[in-house]
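Report on one structure; see the data block that follows.
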Amino acid sequence: MTREAMKKQWESIPVVSKEMNMELTLSSGQAFRWVQLEEEEEKVWAGTVGEKLFILRHHDDELQYRVATPTSDPSEDRQTLVDYFRLDVDLPSLYQQWSRDDNFRKKASCCQGIRLLQQPPLEALLAFICSSNNHISRISAMVLRLCERYGRFLGRIGDRDFHSFPTITSLVGVVKEAVLRDLGFGYRARYVRESVEEVGRRGGETWLELLRQQPYEDAKAELQQLPGVGSKVADCMCLMGLGHLGAVPVDVHMWRLVQRDYRVGGGSSSLTPAVYCRVGDKFREVFGETAGWAQAVLFTAELQMQKLGTQTGERRADKKTAGHKMPRKVRMPLSQDECQDKRKTKRLKL
DNA sequence: ATAGACCCTCGCAA
DNA sequence: ATTGCGAGGGTCT
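First residue of the first sequence? That's 1 in full-length UniProt numbering, and the numbers climb one at a time after it.
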């Protein structure tokens, strides 16, 4: 089949717009490797899931896709996307449940269709290790270069090459800290290398799959054994790499949002491990088992607010004072053993 | 329990 | 136009 003919042929999966906002889902910082490109005067998304290179768009209540890699079984491609976007989950009804929380209903009404991606575990783990004390544009660049260096070439679209995320076997014993530093990883180079080695020792992707079967708390505790994986990165991995939808990653943005919109922690305290834990518990109390997904929606909605705010020339002079006029400190009664940082076990020595 | 250091990039002031 | 400075989806010591 010629290239031109390929271009016209879209496969499709019915997905109404309430079910999916592709733009926000792919660009809100869950995954770092999707790129939007122009193709025949329209915007499409290109990226990889596992060993497949996809081109996506959302048109006419359909998720339309092309696979740019040779494929033996077309139904497999479809299933890959169904799994990746969790299309079996009825999102509007989740929004409805979450909307019993007044703040959610107000803030999320503008941002329907934020789906939680189910990402390949190793990719999620390493990407979020890279995310620490970092911003999205740089994280994307780092992950991109990691794939270029160690991943498999999957194809070229326009002038851009796409690579798969490297497997654990292509990394163990191969990644060198100095190389990662050259790729711009900074001090995270050591975290990535050492975590790769440790994941390898524990059984690679198979071990990560086992963590998926374990209870969230256990999986999180295991992950925090890895260098570069604290409570936030562990929660990101649990939520987006392992499908533990109750995991609630709390970064500085979420922390500000929580202080402003929810009564957790009190105004003056910083995000200590104990407070971190309380935030997650609060979210699980309000949103139930899918608290992590609800968090992702609130996070994205907040990002949108800020983006729209700055676009309309609004002052962001309140950056320092935003959300600091807190109601009085309200401490949650808290039993010590229900909420504590699980990182007590000795970090393994490498 | 709390503070600093840590790689590097970018936006925004002087 | 350069230079300087702080903060950015934290973790470790």
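Every residue gets a Cβ at the ideal spot worked out from N, C-alpha and C, and that includes glycine.
Query, Result
"Beta-carbon spacing of Gln225, Ser231 below 8 Å", "no"
"Burial state of Lys176 (16 or more Cβ within 10 Å)", "exposed"
"Alpha-carbon spacing of Arg190 relative to Asp88, whole angstroms", "38 Å"
"Classification of Arg284 by the beta-carbon crowding that lies within 10 angstroms, buried from 16 upward", "buried"
"Residue of Glu198, His253, Leu117 minimising C-alpha distance to Thr48", "Leu117"
"Selected residue, minimal CA-CA separation from Glu217, among Glu197, Glu198, Gly243", "Gly243"
"Ile136 beta carbon less than 8 Å from that of Ala68", "no"
"The segment 281–295 contacting the segment 88–104, beta-carbon criterion three pairs below 8 Å", "yes"
"Separation of Leu122 from Asp182, as counted between CA atoms", "22 Å"
"Distance between Pro166 and His59 (C-alpha atoms, nearest Å)", "31 Å"
"Pick from Arg152, Gly246, Gln306 that is closest to Lys282, judged by C-alpha positions", "Gly246"
"Trp293 (DSSP reduced to helix, strand or coil)", "helix"
"Segment limits, alpha helix (DSSP H) that includes Arg193", "188–202"
"Local Cβ density within 10 Å of Asp73, reported as buried at 16 or more and exposed below that", "exposed"
"Beta-bridge partners of Phe153, as assigned by DSSP", "His163"
"Limits of the alpha helix (DSSP H) - the one that Ser93 falls within", "91–98"
"Of the residues Gly184, Leu308, Asp159, the one placed nearest Ala141, counting alpha carbons only", "Gly184"
"Boundaries of the alpha helix (DSSP H) in which Val279 is found, first to last residue", "273–287"
"Stretch pair the segment 256–263 + the segment 51–66: three plus CB contacts closer than 8 Å", "no"
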